[in-house]
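Residue numbers (the working numbering): 7 to 751. We put the CB at the ideal spot given by N, CA and C, even for glycine.
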Amino acid sequence: MAVKSTLYAGFIIALIVVAALAYFAGLSTAPTKTVTITKTITMTPTTKTVTITVTETIAPTKTPAKPTETKPTKAVKQPKPAKELVKVIEVSNAIVVVAPKDVELPKIEAKGKKLIIVRYEVDWTKTKPVENSTAFVDINPAFYRNVYADALIMAARKTADPTIREALYEAIYKMSNEEVPILWLGQYKLVRVYWSWLHGRYYHPTLAERYDLLWEDASAPKVPIGVKDYVNDHRTYVIVTIGWPDTFDPAADYETFGWAIWHNIGDTLVTYWKDETREVVPDLAVAWAHDENATTWYFVIRGGVKAYDPWHNKTYDISAIDVLFTIWRIARLRLDPSWMITEFIDVNASKVLSEEEFEKILASGQLIAEYRGKRVQPKSLDELLKLFGYSGETAGVVMLKLYFPYAPILSILADPFTSVIPMKYLFDNVPELKGKYEEALEASNYGKNPAAWAKYIGTGENEPTHLYLHKYPVGTGPYYVAEYKQDSYIVLKYNPYYWNATLWRQEPYGVGGKPVHETVIYLINNDPVSRIELLKKGVGDTAVIPLDRLKDVEGHQYPGTKFRVVVERGTLQPTIVFIVLNTAREPFNNKLVRKALMYAIPFEQIRDVVYAGMLERLYGVIPAGFPGHNDEIVEQYKFNLAKAKMLIKQSGIDPTKYTIEIWYNQGNTQREKIATLLQQTWSQLGFKVAVRPLSWPTLLHKTKKGDFQAYIIGWAPDYLDPDNYAGPLFYGGTRFSYLTVTVQG
């Protein structure tokens with residue numbers, strides 16, 4: 007997801023770390039293996055030839071306005087290529103060949119390595135034009151399309167063999183390095199800043215901390231925070247930060263601030279407990295199972311869960327219908343995070359089942375359940391629930407139909423954008439839907455035919471349910487949004503109807519059946535000097551502090567106490583920072599210009615001056631720790647203005663005719679400094695360079711529609727897989743009617 011702050015010194019959203027995936031395996035000589043992607047779903051068990059057939063689908067997206075022109079650059083229409091040739095990419099243990107279906111391959115020397123051949127045929131009727139695409143939804147943020155890269159990304163996404171996958175992702179990494187539609191900067195090292203009275207902090211790769219799992223010394227000072235009569239004491243957690251959530255609608259939010267809030271006010275089907283990364287645990291789903299091909303998944307929904315509506319002081323019971331409606335609505339809205347549903351789940355083929363209907367499916371003994379190292383084929387609901395250690399009431403079953411097996415699917419379903427919203431809440435309060443709840447239930451046959459909901463729920467940013475949730479969020483989590491003032495503060499209070507409130511009867515998490523942190527407050531302040539002072543005064547328990555100012559707060563002692571400010575420094579994280587170029591515009595449609603700009607990035611100065619050494623260089627789309635990352639096979643762009651000028655000359659453009667405007671999110675001092683350094687070096691190439699801050703929501707809104715030249719942003723993985731980098735950041739939206747992967751050697 008997009009990251010508004012490049013490094014969260016002390017902010018609640020921990021930077022991302024990855025548990026390295028053990029995909030790589032020895033590439034010994036073996037019989038030819040073929041993976042074919044065509045139209046229907048079948049899978050042949052492991053043999054000398056394996057055929058995987060997958061329905062090729064289009065992730066539905068809204069149609070944005072055509073990118074507006076910012077002079078002196080102009081929009082450049084990207085036509086389909088007149089002639090597609092053969093692309094050969096050598097990686098560490100394979101030669102990867104990408105070519106159209108009917109093109110004759112030249113003689114290729116394998117050099118003793120495996121030969122992986124990706125054949126494709128583009129379906130131009132289903133491929134949206136670049137100028138009509140939306141960043142992070144159906145095209146990468148640079149609006150860059152390369153059919154070869156897209157074929158590689160789709161092949162890697164739909165290939166199960168870890169060895170083939172590793173090689174394909176190395177090829178993708180190498181192409182992202184050669185084409186540089188995005189100027190890759192670096193990978194962060196973890197830094198957090200907080201007072202020593204705060205305890206229980208933990209770190210998870212994809213989820214923020216849960217505030218009810220943190221606690222403070224009872225002797226922590228009491229400090230008025232300057233908002234109404236709120237006081238920061240040991241029962242209140244105050245986060246001094248920057249920016250503002252893009253939206254309070256989880257189905258539309260695709261950035262770290264909003265996800266941190268929803269991880270605390272909502273619940274998903276599954277989740278990760280604190281810093282656990284190896285296996286998800288039950289949340290609203292108390293048990294799950296899948297068929298042999300892992301394309302049909304069943305989730306048993308927890309009974310007795312209520313969503314709290316603070317705006318009308320009422321509650322809503324949650325059932326399997328609400329769960330399916332939530333997931334279906336994400337796909338239907340076609341907003342930023344929707345691709346993680348539409349790309350993998352056929353929401354209209356999914357449905358709600360009763361426990362009795364599910365019992366009949368279980369009785370066949372064909373389903374597989376895996377949990378805590380055990381793998382069983384349960385033949386009854388009781389047997390399935392026993393595996394997960396659950397004996398309470400249930401509220402129906404949700405069946406989700408996948409287009410093809412996808413290993414990270416459970417991790418996706420743990421992401422906060424899938425937080426469950428009660429369907430009736432929207433039908434009770436959205437004017438266009440009032441009085442139609444029962445009608446909508448009956449139309450869908452109570453979740454058996456979710457496509458019927460399309461009559462009531464629309465698409466895009468102006469859809470009525472989105473506009474309502476944008477202002478009035480409702481969830482089932484440990485907290486709820488009690489009040490907020492735009493760009494000033496957000497107040498969360500503990501949810502008195504939380505289904506897991508028994509947790510708060512345990513030390514150290516709770517006191518008298520309530521969480522230690524009864525109240526959580528985000529204080530928004532875009533001035534770094536003010537944030538430093540607010541932290542020192544004890545107004546904030548944690549704060550976003552610029553890395554070059556850490557020395558101003560580290561070890562600072564609160565007057566009359568033993569408490570000090572802690573600066574926690576960690577290891578390399580796969581949250582990354584980069585510069586996005588609009589390749590649909592001149593001069594960024596010229597690869598030589600992009601490479602010149604890459605050589606004109608003073609990385610060492612950025613690392614040392616801006617990030618106090620807490621940044622490692624990145625040369626492509628996949629960070630260290632993931633399969634496919636291999637710096638030995640890519641060009642390493644050392645700062646070299648002479649070479650950059652030579653490339654500009656070779657490109658044939660006149661740089662004096664162009665003004666490059668670099669955007670960053672307001673209040674982000676790291677990105678402001680990066681932009682200023684780039685202004686100094688890129689202007690030496692002959693360009694006029696301007697720097698402009700934008701509010702976080704404005705920046706997201708403009709850039710996703712292609713209304714920009716260049717901007718600086720970060721990326722934190724949504725789930726633990728290299729596809730979550732290659733897909734959102736490099737995929738150009740090409741759709742294929744034919745795609746095969748053949749392995750020789």
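Thr131 classed as buried or exposed, judged by whether at least 16 other C-beta atoms fall within 10 angstroms: Residue burial is scored here from C-beta neighbours: Thr131 has fewer than 16 other C-beta atoms within 10 angstroms and is therefore classed as exposed.
Whole-angstrom distance between Asn730 and Asn99, CA atom to CA atom: 23 Å
Between the CA atoms of Gln690 and Thr665 - distance to the nearest angstrom: Their Cα atoms are separated by approximately 13 Å.
Proximity of Ile585 and Ala716 at Cβ, strictly below 8 Å: yes
Residue span of the alpha helix (DSSP H) that contains Gly466, given as start and end: No alpha helix (DSSP H) contains Gly466, which DSSP labels as neither H nor E.
Inter-residue spacing [alpha-carbon to alpha-carbon] between Ser360 and Gly310: 16 Å
C-alpha distance - Trp317 paired with Ile178, whole-angstrom precision: 48 Å
In chain order, each alpha helix (DSSP H) run of at least 4 residues that lies wholly inside the stretch 132-167: 153-163
Closest residue to Pro456 among Leu330, Leu439, Tyr495 (Cα-Cα distance): Leu330
Helix, strand or coil at Trp334 [DSSP, three-state]: Correct three-state label for Trp334: helix.
Endpoints, alpha helix (DSSP H) assigned at Tyr474: 470-475
Check whether Tyr260 and Met7 have beta carbons under 8 Å apart: yes
Beta-carbon proximity check, Ile123 vs Val143, cutoff 8 Å: no
Closest Cα partner of Lys568 within the set Glu184, Trp203, Ser139, Val153: Trp203
Ile668 versus Pro728: straight-line alpha-carbon distance, rounded: 28 Å
Cβ-based neighbour list, Phe736, same chain, cut-off 7 Å, excluding 5 preceding and 5 following: So the qualifying residues of the chain are Asn146, Ala155, Ile159, Ile178, Ser182, Val627.
Contacting residues, own chain, Cβ-Cβ under 7 Å from Arg677 (five flanking each side not counted): Thr12, Tyr670, Asn671, Ile718
Meets three-Cβ-pair contact criterion under 8 Å: the stretch 619-635 and the stretch 691-711: no
Closest by C-alpha distance to Asn238, when choosing among Gly544, Ala722, Pro168, Arg575: Gly544
Counted within 10 angstroms of its Cβ, other Cβ atoms place His296 as buried (16 or more) or exposed: buried
Buried/exposed call for Gly733, threshold 16 Cβ in 10 Å: buried
Secondary structure of Leu213, DSSP reduced to three states: coil
Beta-carbon proximity of Tyr462 to Lys442, cut-off 8 Å: yes
Proximity below 8 Å, CB of Pro484 to CB of Asp218: yes
Cβ separation of Val276 and Leu416, assumed to be a contact under 8 Å, to the nearest whole Å: 6 Å
Per-residue DSSP class, three states only, for Lys520: strand
Continuous alpha helix (DSSP H) assignments of at least 4 residues falling wholly in the stretch 574-641: As far as the stretch 574-641 is concerned, its whole alpha helix (DSSP H) runs of at least 4 residues are 597-605.
Per-residue DSSP class, three states only, for His318: coil
Expected contact under 8 Å - CB spacing of Thr548 and Val199 to nearest Å: Right, the Cβ-Cβ distance comes to about 6 Å (below 8 Å), so this counts as a contact.
Beta-carbon proximity of Trp688 to Leu603, cut-off 8 Å: Yes. Within cutoff.
Euclidean distance between Cα positions of Ile496 and Ile248: Answer to the nearest angstrom: the Cα atoms are 12 Å apart.
Three-state class that DSSP yields for Pro106 in the structure shown: strand
Assigned exposure category for Arg511 - 16 Cβ within 10 Å defines buried: That one is exposed.
Rounded Cβ spacing between Ala420 and Arg308 (contact assumed at less than 8 Å): Wrong, their Cβ atoms sit about 15 Å apart, outside the cutoff.
Limits of the beta strand (DSSP E) - the one that Lys499 falls within: Per DSSP, Lys499 belongs to the beta strand (DSSP E) from 495-500.
Where Gln193 falls, given that 16 or more other Cβ within 10 Å makes a residue buried: buried
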